[in-house]
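So the sequence shown is numbered by the numbering used here: it starts at 283 and just counts up by one.
Glycine included, C-beta positions come from ideal geometry on N, C-alpha and C.
Here the structure comes first, spelled out in structure tokens, and everything after it is commentary.
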Amino acid sequence: MKSIISTDKAPSAIGPYSQAVKVNNTVYLSGQIPLVAETMTVVEGGFAEQAEQVFKNLVAVCEAAGGSINDMVKVNIFLTDLSNFATVNDIMSRYFSQPYPARAAIQVSKLPKDVEIEIDGVMELPSVN
Numbered sequence: 283m284k285s286i287i288s289t290d291k292a293p294s295a296i297g298p299y300s301q302a303v304k305v306n307n308t309v310y311l312s313g314q315i316p317l318v319a320e321t322m323t324v325v326e327g328g329f330a331e332q333a334e335q336v337f338k339n340l341v342a343v344c345e346a347a348g349g350s351i352n353d354m355v356k357v358n359i360f361l362t363d364l365s366n367f368a369t370v371n372d373i374m375s376r377y378f379s380q381p382y383p384a385r386a387a388i389q390v391s392k393l394p395k396d397v398e399i400e401i402d403g404v405m406e407l408p409s410v411n
């Protein structure tokens, strides 16, 4: 059974997709870019501020799905410049505790709204007995 996850605490979808889709206990999170939910504009500042906003958006969607960011089992990070990887690691370490999710980091030539980072992933919700 599939259900759609939506929250106003994260940016609304800017295309024909959902913020997340839940199938049983697995939640597939769409890519989050550094948009501020209230204004739907890119957060001000540089790369670190953008990365921080992306993680805040992920937290909001994970919570709307009934879990937490630490329930994510796979994270895909898309960067326009891999030299920002150390900054991503630093910020990510503030949001996740061990055991960490599986992860991929990929440099891409361009992202929506010319942002520098996008993250998507998969979350496994704890079983409810």
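Per DSSP, the beta-bridge partners of residue 310 are 303 and 404. For residue 362, the three-state secondary structure derived from DSSP is coil. When DSSP states are grouped into helix, strand and coil, residue 321 belongs to the coil group.
Taken through DSSP and simplified to helix, strand or coil, residue 397 comes out as coil.
Membership of residue 342 in the alpha helix (DSSP H) is indicated by the continuous run 329-346. Taking the Cα of residue 364 as reference, the smallest distance to any Cα among 314, 405, 313 and 386 is reached at 386. About 6 Å separates the CB atoms of residue 347 and residue 302; that is less than 8 Å, so the two are in contact.
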